[in-house]
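Have a look at the structure below, then the notes.
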């Protein structure tokens, strides 16, 4: 069962990479994975849930493969993870573009869009809740709205980069800017000072913030 599921999800990612959402069909996946269409519907429910499972499988495998030395509920930790995880997009332009296109597609159902949004922002919501509990978030900030806007900006950046509007060398820099600009607007006190300090140094040096190298575990990412 596990082997069949992995084969199905692998073929889903291949088809997403080749055809995107509009050219995706359960019939084609059943043919490629050599399973009956009824099996797909029984196991995954519908097209968008199947696509969500396939995309999430790789995302989870990559995150579990990396042991960061920064806390995931700090600004530094968010930046560290954004840099490391999005560096992988540089080696998978077509797939990253396909996922971003799915995110913005009018035919994507709310479940899949919410899943992709959650993947984009990672632990940002938990971090913001911690900041609010410590009095570091402006009272007017709606965390749901802020994280949604951040996801929109991040997937928008991926599309710009994937279509060559943003250079490879600038992609990660702009990704980090999205997080820091959001922090500067939404926070106050020590957190805002930290965001301002990091961004000021980035602009002055043209370099990304540096963090201690994470530990990469030898775990295979599902194909």
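Numbering (UniProt numbering), first residue to last: 1 to 223.
Backbone N, C-alpha and C define an ideal beta-carbon position, used for all residues, glycine too.
Identify every residue that forms a DSSP beta bridge with residue i.
| i | result |
| --- | --- |
| residue 137 | 187 |
| residue 66 | 216 |
State buried or exposed for residue i, treating a residue as buried only when at least 16 other CB atoms are found within 10 Å of its CB.
| i | result |
| --- | --- |
| residue 90 | exposed |
| residue 111 | exposed |
| residue 207 | exposed |
| residue 1 | exposed |
| residue 47 | buried |
| residue 185 | exposed |
| residue 11 | buried |
| residue 182 | buried |
| residue 61 | exposed |
| residue 108 | buried |
Using only the alpha-carbon positions, how far apart do residue i and residue j sit?
| i | j | result |
| --- | --- | --- |
| residue 106 | residue 151 | 16 Å |
| residue 93 | residue 162 | 6 Å |
| residue 214 | residue 16 | 30 Å |
| residue 52 | residue 75 | 27 Å |
| residue 59 | residue 119 | 8 Å |
| residue 126 | residue 132 | 10 Å |
| residue 65 | residue 216 | 6 Å |
| residue 63 | residue 204 | 31 Å |
| residue 29 | residue 140 | 46 Å |
| residue 13 | residue 78 | 26 Å |
| residue 33 | residue 8 | 5 Å |
| residue 146 | residue 155 | 14 Å |
| residue 42 | residue 180 | 43 Å |
| residue 95 | residue 18 | 8 Å |
| residue 44 | residue 4 | 13 Å |
| residue 113 | residue 98 | 13 Å |
| residue 138 | residue 24 | 43 Å |
| residue 82 | residue 199 | 15 Å |
Could you tell me whether any non-hydrogen atom of the ligand ADP is closer than 7 Å to the CB of residue i?
| i | result |
| --- | --- |
| residue 18 | For the ligand ADP, the structure offers nothing, since it holds no ligand at all. |
Measure the CB-CB distance between residue i and residue j and report whether it falls below 8 Å.
| i | j | result |
| --- | --- | --- |
| residue 159 | residue 143 | no |
| residue 153 | residue 178 | yes |
| residue 136 | residue 187 | yes |
| residue 101 | residue 21 | yes |
| residue 56 | residue 115 | yes |
| residue 72 | residue 123 | yes |
| residue 49 | residue 37 | no |
Give me, in chain order, the residues of the same chain whose beta-carbon lies closer than 6 Å to that of residue i; leave out the 5 immediate sequence neighbours on both sides.
| i | result |
| --- | --- |
| residue 171 | 161 |
Please return the same chain residues whose Cβ sits closer than 7 Å to the Cβ of residue i, not counting the five positions on each side in sequence.
| i | result |
| --- | --- |
| residue 86 | 172, 175 |
| residue 130 | 73 |
| residue 84 | 66, 214 |
Would residue i pass as an interface residue toward chain B - the criterion being a Cβ-Cβ separation below 8 Å?
| i | result |
| --- | --- |
| residue 147 | Given the protein chain composition of this structure (a single chain), no chain B is represented. |
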